[in-house]
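Visitor: This structure is in structure tokens; I'll ask about it shortly.
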Amino acid sequence: IPKRVTLTNYGTIQVMGGSFVNNGTYVDYGKTVDENGDIVNIIEGSGDFPNNWFVTVSYGNGAADTVYRIVKGEDFILPDAPSKPGYIFLGWRCGQDTFGAGDMVDIISNAAFQAVWANMPDISPSEPDEPVEPVEFPFTDVSEADWYYDAVYYVWANGVMEGVEADEFAPNSPLTRAMVWAMLARLDGVEVSGDGWVAAAQEWAVESGVSDGTDPTGYITREQLVTMLWRCKGSPAVEFELTAPDAGEISDWALEAMRLAAATGLIEGDEFGNLTPTATSTRAQAATFMLRFGK
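Okay, so the sequence shown: first residue is 1 according to the UniProt record's numbering, each after it adds one.
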């Protein structure tokens with residue numbers, strides 16, 4: 001058991017994916033019970049894990065915390081997105097930073113990551129102007145019970161977003177800046193498809209003033225996505241006070257965009273009111289942004 005982790009009587013703690021259970025008899029580290037029932041030392045001196053860091057992951061959904069032992073100098077890959085009924089997973093928060101599921105993080109000390117959750121949005125799908133022939137929804141990894149179903153259906157039905165495969169949408173995966181350029185270009189009526197879709201989307205984004213066109217393969221953050229949507233609206237100014245606890249984390253260039261997004265309900269805070277501006281946006285979240293933006 002790692003140093004500073006206490007296993008109480010009848011307690012259980014998960015460590016590195018496993019668990020240790022104490023069935024009622026507590027014996028301190030380095031001690032045992034002899035045949036007479038007396039507690040005796042079995043080692044002398046003291047020790048630590050000088051070549052390791054310990055990373056605690058707290059899920060916030062009732063599941064037990066997990067403690068990982070990381071060799072110093074090695075990166076840590078954050079767990080996949082957990083689930084919590086009635087909430088959306090926004091990312092893993094450590095201190096002032098928020099990371100996406102599956103992100104690789106450089107660990108330089110003992111660290112703790114806490115799941116960040118937001119209430120599911122109340123989204124009503126738009127009614128089509130004219131009846132259309134029903135088309136079978138292709139994505140097997142998105143069901144009608146998912147909070148993002150209406151948003152994914154909207155972007156698919158309107159040709160704004162495509163799946164990563166013919167039958168796979170990958171709602172919890174991150175998306176790149178180029179993907180967002182393509183989505184916005186399609187909303188603007190530009191044909192973006194085929195092998196040259198990245199170049200076409202990049203050209204549109206630069207000419208439209210939506211983006212500088214750099215880092216097309218980089219994962220997009222929530223504040224970057226909101227800023228691109230804001231520029232599509234003509235970069236309007238709005239009088240609105242950002243009261244989110246993490247408002248100070250918003251980049252200067254994204255402040256006006258985040259003000260408008262918060263004022264209009266385009267972006268919502270998590271269960272603690274945080275906007276998590278630097279968190280990587282998932283494909284499901286991006287689809288939700290597009291649905292709200294299109295209304």
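Glycine is no exception: its CB is placed at the ideal position from the N, C-alpha and C atoms.
If you reduce the DSSP assignment to three classes, tell me which class residue 184 lands in.
Guide: Within the sequence shown, residue 184 is the residue found at index 184, counting from 1. Residue 184 falls in the helix class under three-state DSSP.
Visitor: Could you check what DSSP says for residue 92 in three-state terms: helix, strand or coil?
Guide: Counting from 1 along the sequence shown, the entry for residue 92 is found at position 92. Assignment of residue 92 by DSSP, reduced to helix, strand and coil, places it in the strand class.
Visitor: Please name the residue in 253, 60, 78 and 98 whose C-alpha comes closest to that of residue 87.
Guide: For the purposes of this step, residue 87 is taken as the residue at position 87 of the sequence shown. That would be 60, whose Cα lies nearest to the Cα of residue 87.
Visitor: Based on DSSP bridge pairs, tell me the residues matched to residue 75.
Guide: Locating residue 75 in the sequence shown gives position 75, where the first residue counts as 1. DSSP output for residue 75 lists 106 as bridge partner(s).
Visitor: Can you give the Cα-Cα distance for residue 276 and residue 196, rounded to whole angstroms?
Guide: Indexing the sequence shown from 1 puts residue 276 at position 276. Indexing the sequence shown from 1 puts residue 196 at position 196. Approximately 33 angstroms between the Cα atoms of the pair.
Visitor: Starting from the Cα of residue 158, find the closest Cα among 168, 263 and 191 and give me that residue.
Guide: Numbered from its first residue, the sequence shown carries residue 158 at position 158. For the residues 168, 263 and 191, the minimum Cα distance to residue 158 belongs to 191.
Visitor: Buried or exposed for residue 214, please, with buried defined as at least 16 other CB atoms from any protein chain shown within 10 angstroms of its CB.
Guide: In the sequence shown, residue 214 corresponds to position 214, counting from 1. By the C-beta density criterion, residue 214 is exposed, having fewer than 16 other C-beta atoms within 10 angstroms.
Visitor: How would you write the range of the alpha helix (DSSP H) that residue 97 sits in, first residue to last?
Guide: Along the sequence shown, read from residue 1 onward, the residue named residue 97 stands at position 97. No alpha helix (DSSP H) contains residue 97, which is instead part of the beta strand (DSSP E) from 97 to 99.
Visitor: If you run the structure through DSSP and keep just helix, strand and coil, what is residue 294?
Guide: Translated into the one-based positions of the sequence shown, residue 294 becomes position 294. Residue 294 falls in the helix class under three-state DSSP.
Visitor: When you compare the stretch 261 to 280 with the stretch 213 to 232, are there three or more beta-carbon pairs, one atom per stretch, that lie closer than 8 angstroms?
Guide: Counting C-beta pairs closer than 8 angstroms gives three or more between the stretch 261 to 280 and the stretch 213 to 232, which meets the contact rule.
Visitor: Would you check if the distance between the CB atom of residue 106 and the CB atom of residue 92 is smaller than 9 angstroms?
Guide: For the purposes of this step, residue 106 is taken as the residue at position 106 of the sequence shown. For the purposes of this step, residue 92 is taken as the residue at position 92 of the sequence shown. No, these two residues do not count as a Cβ contact at 9 angstroms.
Visitor: Please return the same chain residues whose Cβ sits closer than 8 angstroms to the Cβ of residue 63, not counting the five positions on each side in sequence.
Guide: Position 63 of the sequence shown, counted from the first residue, corresponds to residue 63. Same-chain partners within the cutoff: 82.
Visitor: State the start and end residues of the unbroken alpha helix (DSSP H) segment that holds residue 151.
Guide: Mapped onto the sequence shown, residue 151 falls at position 151. That run of the alpha helix (DSSP H) goes 149 to 157.
Visitor: Shortest alpha-carbon distance to residue 194 belongs to which of 187, 182, 188 and 226?
Guide: As a first step, residue 194 must be located in the sequence shown, where it is residue number 194. Residue 182 is the option with its Cα nearest to residue 194.
Visitor: Which of the three DSSP states is assigned to residue 199 in this structure?
Guide: For this step, residue 199 is matched to residue 199 along the sequence shown. Three-state DSSP puts residue 199 in a helix.
Visitor: Taking buried to mean at least 16 other C-beta atoms within 10 Å of its own C-beta, is residue 259 buried or exposed?
Guide: The count along the sequence shown starts at 1 and reaches residue 259 at position 259. Counting every other CB atom within 10 Å of its CB across the protein chains shown gives residue 259 a total of 16 or more, marking it as buried.
Visitor: Is the beta carbon of residue 68 closer than 9 angstroms to that of residue 287?
Guide: Taking the first residue of the sequence shown as position 1, residue 287 is located at position 287. Taking the first residue of the sequence shown as position 1, residue 68 is located at position 68. No, these two residues do not count as a Cβ contact at 9 angstroms.
Visitor: How big is the Cα-Cα spacing for residue 73 and residue 113?
Guide: By one-based count along the sequence shown, residue 73 stands at place 73. By one-based count along the sequence shown, residue 113 stands at place 113. When rounded, the distance between both Cα atoms is 18 angstroms.
Visitor: Using alpha carbons as the reference points, say which of 188, 177, 186 and 111 lies closest to residue 96.
Guide: Sequence index remark: in the sequence shown, residue 96 carries index 96 (1-based). Selected option, being the one with the closest Cα: 111.
Visitor: For residue 232, collect the residues of the same chain with a Cβ closer than 7 angstroms to its Cβ; drop the 5 residues on either side in sequence, then sort them by chain order.
Guide: The count along the sequence shown starts at 1 and reaches residue 232 at position 232. Excluding sequence neighbours, residue 232 sits near 184 and 210.
Visitor: Taking the CB atoms as reference points, tell me whether residue 240 and residue 262 lie closer together than 9 angstroms.
Guide: Position 240 of the sequence shown, counting from 1, holds the residue named residue 240. Position 262 of the sequence shown, counting from 1, holds the residue named residue 262. For residue 240 and residue 262, yes; Cβs fall inside 9 angstroms.
Visitor: Looking at residue 227: is its Cβ nearer than 9 angstroms to the Cβ of residue 244?
Guide: Position 227 of the sequence shown holds residue 227. Position 244 of the sequence shown holds residue 244. In this structure, residue 244 does not lie closer than 9 angstroms to residue 227 by Cβ.
Visitor: So for residue 279, helix, strand or coil by DSSP?
Guide: Mapped onto the sequence shown, residue 279 falls at position 279. Coil.
Visitor: Of all the alpha helix (DSSP H) runs that stay within the bounds of the stretch 208 to 290, which reach a length of 4 or more residues?
Guide: Runs of the alpha helix (DSSP H) lying entirely within the stretch 208 to 290, each at least 4 residues long, are 222 to 232 and 255 to 264 in chain order.
Visitor: Pull up the distance between the alpha-carbon of residue 109 and that of residue 117, whole angstroms please.
Guide: One-based indexing of the sequence shown puts residue 109 at position 109. One-based indexing of the sequence shown puts residue 117 at position 117. Going from the Cα of residue 109 to the Cα of residue 117 covers about 25 angstroms.
Visitor: Rounded to a whole number of angstroms, what is the C-alpha to C-alpha distance between residue 142 and residue 119?
Guide: Along the sequence shown, one-based indexing puts residue 142 at 142. Along the sequence shown, one-based indexing puts residue 119 at 119. Per the coordinates, the alpha-carbon of residue 142 lies some 19 angstroms from the alpha-carbon of residue 119.
Visitor: To which residues does DSSP link residue 165 through a beta bridge?
Guide: Position 165 of the sequence shown, counted from the first residue, corresponds to residue 165. DSSP output for residue 165 lists 168 as bridge partner(s).
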